[in-house]
Amino acid sequence: ATFVPTGFYGLLGNKGGIGISLTIDHTRVHIICSHLPPHKQGMGERECAFHKIWNTYSSQSKHLYCENDITLWMGDLNYRLDVDEKPSALASTIQSDYTALIPQDQLVKLRNSGGAFSDFHEGRIEFPPTYKYKKGGSQ
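The numbering used here applies: residue 1 is where the sequence shown begins, and numbers increase by one.
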């Protein structure tokens, strides 16, 4: 296993990733789980954390990574929607046609521009965006 801390100046493990590799029927499978920096304005930090995790994992993996390998990356990636409206203002869009919000997804934009995760394939998004509720409230 490879552990890559990226939180608080790269010293703490409150953010970061861990990866393992295994062989299943002659196919190497890499599994990486990460918790990337939060907040809408944290795009640059998330991109840096992605590259640090990927580069550290790739260089420390006991098996040289090749294009036939399968890599599963999961976790709390913390990407947001690039919209100015509050979740309560987006409620009708989320209920009626949340797919209209997909072009505003930070991760979709980043991948389309060749940034972090651009070499990964994501399945169809078939669920509405999630957001935090105010404690004790309905918003």
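Ideal Cβ positions, reconstructed from N, Cα and C, are used throughout, including at glycine. Keep in mind that this is a model prediction, so the values were computed, not measured.
Under the DSSP assignment, C33 falls in the beta strand (DSSP E) whose first and last residues are T27 to H35. Counting only the Cα atoms, L72 lies some 24 Å from K40. In this structure N78 touches P37 by the C-beta definition: roughly 6 Å separates them, less than 8 Å.
Taking 8 Å as the cut-off, the Cβ atoms of R124 and Q106 do not count as close. If you draw a 10 Å sphere on the C-beta of G16, you find 16 or more other C-beta atoms in it, and that means buried.
Taking H35 as the centre and dropping the five residues before and after it, the same chain places the C-beta of K15, G75 and D76 closer than 6 Å to its C-beta, in chain order. Ranked by Cα distance from Y57, the options L110, S113, T6 and G115 are led by T6. If the five residues before and after Y98 are omitted, its C-beta is found closer than 6 Å to the C-beta atoms of P128, all from its own chain and listed in chain order. Taking each of E126, H121, F50 and H26 in turn and checking the Cα distance to I94, the smallest one comes out for E126. Here I70 has T27, R28, V29 and H30 as same chain residues with Cβ atoms under 8 Å from its own Cβ, once five neighbours each way along the sequence are excluded. With fewer than 16 other Cβ atoms inside 10 Å of its own Cβ, F3 counts as exposed. Non-local C-beta neighbours of L22 in its own chain, meaning closer than 7 Å and more than five positions away in sequence, comprise V29, ordered along the chain.
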